[in-house]
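Participant: The opening position of the sequence shown corresponds to residue 747 in my numbering, with each subsequent residue numbered one higher. The structure that follows is given in the form of structure tokens.
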Amino acid sequence: MLNVGSNLRLLFLPSLRLSPFFSFPSKPRSLFAVCSSVQRCSDRPFRQQSPRRQNPVRRNGSCADPFGRERKKEKLMEEGGSFGFNRKRAEGRDKGDGPRKELSLKKRPRANPVSTIAYVQILGTGMDTQDTSPSVLLFFDNQRFIFNAGEGLQRFCTEHKVKLSKIDCIFLSRVCSETAGGLPGLLLTLAGIGEKGMSIKVCGPSDLTYLVDAMKSFVPHAATVHTESFGLAPCSDATSSPNLLKDPIVLVDDDVVKISAIILSPSRKSDEEDIGDSLPQVNGGYSSETPEDMSVVYVCELPELKGKFHPERAMQKGLKPGPEYRELQLGKSVFSKRLNIMVHPSDVMDPSTPGPVVLLVDCPTKSHLKQLLDTKLLQHFYSDSSVEEGSKSVSCVIHLSAASIVSSPRYQSWMKRFGSSQHIIAGHHPKNVEIPILYSSARIAARLNYLCPQFFPASGFWSLKQSFQLGQSNAFSSEGTSMLGENVAADNLLKFTLRPRDKIGLDRSSVPNQLPSSEVIGELHSHIPEIVDVAKCVRKIWDGADQTEDGRSSMQEEPWLDENTIPSCLDNIKRDDLEIVFLGTGSSQPSKYRNVSAIHINLFAEGGFLFDCGEGTLGQMKRRYGVEGADNAVKGLRCIWISHIHADHHSGLARILTQRRDLLKEVPHEPMLVIGPRQLKRYLNAYERLEDLDMQFLDCRHTTESSWEAFQAAEVEVGAENEQTRESCNGSVAQLTHSSLFTKGAPMQSCWKKPGSPPDITTAFPSMKIMKKMLGEMGMDKLISFPVVHCPQAFGVSLKASQRLNADGKLIEGWKVVYSGDTRPCPELTMASKGATVLIHEATFEDAMVDEAIARNHSTTEEAIQMGAAAGAYRIILTHFSQRYPKIPVFDESHMHKTCIAFDLMSVNLADLHLLPKVLPYLKLLFRNDMTMDESEDVEDIGDSSFALDS
């Protein structure tokens, strides 16, 4: 039994005892042997819980067998087991990861183009953060189409109740992280709807299949994706397919809409003013074309509405009701036998009303602009065109182009060619920066900032003195530029109605109302009147005076909150040493209140790390630091560490890497070091066929303690430059790594028997050398990955700072931060967390849902806290909460020793670490009505994708 300090004993009432996972075998055994006895009971499917439980009470087994769980625990202890976990899931053999039957595309009923409702709507993803392209929804009664799926689309749709299950097709204007970063999460969510999942079609320029092939490494149900790529292959030439670019490419043509694509390839022969700063150069010339260079103009044409049919005119022409009338209404001429004449539709019908036309234009660079201006495929849409046959009037043009392009004189002149068309400027514009598009999370952030600004600083976009929305303007303007009166800057959820015909035009009814921050705080005061005094008490904590005038504490606190001894590693700590910023604290899929996993380890002037990088991480950084501050934080990143291959932990990686690449393109720099499981390397290698990520990869297995021992032995004994000797040395240190949990070819290296060979660091040696140098420059002693129990190749990480001198000139140990990743409690995590200054531990489920935690290989709140207590961690921060807890998870406050709950954008400075548990009682007050499970309608609408994202 592990020795447990006196402070830990204060946690438990006399009737409670330590969880069984603290009991380890007396002799050395592999983790697989320790866990094997619990497999049969944990492999069974877990029982679904009731959707709501207002008064969470710990359940001890089912009603039929109320002591079943206790008997199971006793049996585990008798067999020498330490904890339960799902072996099949850990090894990647559970049914949810198996192949699924290919699904056909949805078949929609035929629609009447006369009676259908139709509009285009701006989905403002990236409007406030300017990190991704906005999306556009084309809506019909029985069909939905989305143009572009940047990061945050799924979270946006959840916030604004856009039903993803109704989407028929996604069109990409470019194939890159800016326009397709949200696609993996969206596809996984759709795959998780119902028992069979839902299929969707994705269309995009060039080799869209590259993106789908890359996603196959972590999307288990790729069969639900139907792709259609069009345009020239990356290495092809326009002369090889002379007819390909002469006509628009028709993608959809049915009763209600015809959607065509016009390819824009960047110009290769132009003056330097047009292309000099638009394309990367290689060896003095422009690089070969890649898929991301392709851009698309989408043309959406609604059918014309036939004029009214006049039966009396047909009768005058000698026709009788029946087939002859029907032929005329279908636009066909009919011969009148009675009058011996040919009757044409125009003789008996009013003139047809042309259908509205919408253009979506994405012109990302000046080199694309030249082809946009020169293309003949848009001639019949220009009002000044000499082409009369087939000419059409454009109702609305939505510009997804970059602001610098839209404001250029040549682009504006091109816009005038559409006459009176309505232009909507949907690209990034400064006016949108301080207008949050995620109001639910912004409201929570404002409340948290009011209560405790030290741990919840004001957003980089707005503070409590600013309004949630700035004044709206109907005219788009740009410095030094005069725009047309028909141009408007897009607002979030702005609509342009296409049908009914009499309502065609802009519709602002869905645009969110202005909500000043004063109203947010006013609502808080009215709902929780005592919050004013509570906020004052929190401020006094930092002043060291959290007591009232009569000496009594303003809130009832547990006695252990004042009994913690500050560890020596925090002596004389400075505020610019370390700050831990939680960018995402939810699991599985983004929700209104919590984004998926990402933690920024901010070392200020020394740079920073990212631990996991879920979808929307870049947007969260911009919400926390502001646009400019986030750019500096991205440029300062030295390493990104990914715990495992599940999409909610890495699908934001490509966007971060491309953003850093663009920010540093004019500055000499080293590629980003990405550390992750080997499946991630396959994804990144495949993705780089689309766009350069400017990175180098290091397998987590090569950052384990045994690998570092092998590396150090190689450096010391034979020298880093002697490759041949280093290889032989790699074998000579086998005895140093006998305790490694890896074995070659094992489905789950973290729970297998004693391996026969150590990790081979031969190929990883150069990257490890770079990493060692980087850690030294950042003042870090070591970064060590360790295996955990969740899925194949799942890891946790420990980051330790170098020793330093305190105020007395004494050499003290550096701080240590441990991140569990996703895991069941396991000995490897306990050992890695020994003496941790901060343990960041996942707590996906509440204590009463231990069966679900075992089935999915996650931890409960109590298990996470006990794990930290057993390891002697100074502070424990819980994260990765199930989205069934929308605002605050369910927890037993009697166990919250040394512990706090993480929220999105929460920032914990090491200098404030000793005060962290004191804040939790006040947070409980802020969310006193929200500590229940939630199964809201927006979550039900898109389905439970947890098995897909976090399978």
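Positions of the beta carbon are idealized from the N, C-alpha and C atoms, including for glycine.
1. I'd like to check one pair, SER952 with MET1088: are the Cβ atoms closer than 8 Å?
2. Given ILE1507, which residues of its chain have a CB within under 8 Å of its CB, disregarding the five upstream and five downstream residues?
3. Identify which residue in HIS1536, GLY1353 and GLU1050 has its Cα closest to the Cα of MET1526.
4. Below 6 Å CB to CB, which residues in the same chain sit around LEU1184 once its five sequence neighbours on both sides are set aside?
5. Hey, quick one: how far does the beta strand (DSSP E) through SER1186 stretch, first residue to last?
6. Going by beta carbon distance, what residues of the same chain come within less than 6 Å of LEU1123, once the five residues before and after it are set aside?
7. Provide the residue span of the alpha helix (DSSP H) that contains LYS1381, from first to last.
8. If contacts are defined as beta-carbon pairs under 8 Å, then PRO1336 and GLN900 qualify, I think. What distance do you get, rounded to the angstrom?
9. In this structure, how does DSSP classify GLU698 when only helix, strand and coil are distinguished?
10. Fully enclosed by the segment 1397-1444, which beta strand (DSSP E) runs are 3 residues long or longer?
11. Taking PRO859 as the reference, which of PRO1012, HIS1643, ILE1171 and LEU1051 has the closest Cα?
12. Helix, strand or coil: how does DSSP classify LEU822 here?
13. Nearest to ILE868 by CA position, among ASP887, ILE892 and SER1154, is which residue?
14. I'd like the ranges of any beta strand (DSSP E) spanning at least 3 consecutive residues and lying wholly in the segment 1551-1599.
15. Starting from HIS1626 and walking both ways along the beta strand (DSSP E), at which residues does that stretch end?
16. Count the other CB atoms, across all protein chains shown, that sit within 10 Å of the CB of LEU1076; report buried if there are 16 or more and exposed otherwise.
17. Can you look up CYS1446 in the DSSP assignment and give me helix, strand or coil?
18. Once the 5 residues before and after GLU1070 are set aside, which same chain residues still bring their CB inside 7 Å of it?
19. Can you name, in chain order, every residue of its own chain whose Cβ lies under 7 Å from the Cβ of ILE913, other than the five neighbours on each side?
20. Should VAL1654 and ILE1347 be called a contact, given that it needs their Cβ atoms to be closer than 8 Å?
21. Can you tell me whether GLY1330 is buried or exposed, with buried defined as 16 or more other CB within 10 angstroms of its CB?
22. So for MET1095, helix, strand or coil by DSSP?
23. Residues bridged to ASN1233 by DSSP?
24. When you compare each of ARG1401, ALA1547 and ARG1369 to LEU1324 by their alpha carbons, which one comes out closest?
25. Hey, out of PRO1571, TYR1044 and SER861, whose CA is closest to THR1606's CA?
26. What residue does the alpha helix (DSSP H) around VAL1152 start on, and which one ends it?
27. If you check the beta carbons only, do GLY1365 and THR878 fall under 8 Å apart?
28. If you run the structure through DSSP and keep just helix, strand and coil, what is HIS1126?
29. Have a look at LEU932, ARG1163, ASP1130 and ILE1170 and flag the residue whose alpha-carbon is nearest the alpha-carbon of ALA1148.
30. Can you have a look at GLY1165 and say buried or exposed, based on whether 16 or more other CB atoms are within 10 angstroms of its CB?
31. Could you give the DSSP three-state label for ASP887: helix, strand or coil?
32. Distance, Cα to Cα, LYS1241 vs LYS1249?
33. In three-state DSSP terms, what is GLY1614?
34. Just mark MET1613 as buried or exposed, buried being the case when its beta carbon has 16 or more other beta carbons within 10 Å.
35. Contact between the segment 1537-1552 and the segment 1374-1384 is defined here as three or more beta-carbon pairs at a separation below 8 Å; is this criterion met?
36. Can you tell me where the beta strand (DSSP E) with ASP1279 in it begins and where it stops?
Facilitator: Reading from the atomic positions:
1. no
2. HIS1448, SER1453, ALA1456, PHE1457, ALA1460, ASN1476 and MET1514
3. GLY1353
4. GLU905
5. Looking at the DSSP string, SER1186 is not in any beta strand (DSSP E); the run it does join, the alpha helix (DSSP H), is 1185-1197.
6. PRO994 and ILE1008
7. 1363-1382
8. 6 Å
9. The question about residue 698 has no answer here: the residues shown for the chain are numbered 747 through 1697.
10. 1418-1422
11. LEU1051
12. Note that LEU822 scores a pLDDT of 35, beneath 50, so its modelled location is shaky; the value from the coordinates is reported in the next line. Looking at LEU822 - three-state DSSP - the assignment turns out to be helix.
13. ILE892
14. 1562-1565 and 1584-1588
15. Looking at the DSSP string, HIS1626 is not in any beta strand (DSSP E), and its letter there is neither H nor E.
16. exposed
17. helix
18. VAL1080
19. ARG890, ILE892 and ILE946
20. no
21. buried
22. strand
23. HIS1169
24. ALA1547
25. PRO1571
26. 1149-1152
27. yes
28. helix
29. ILE1170
30. exposed
31. coil
32. 12 Å
33. helix
34. buried
35. no
36. Premise fails: ASP1279 lies in the alpha helix (DSSP H), 1277-1289, not in any beta strand (DSSP E).
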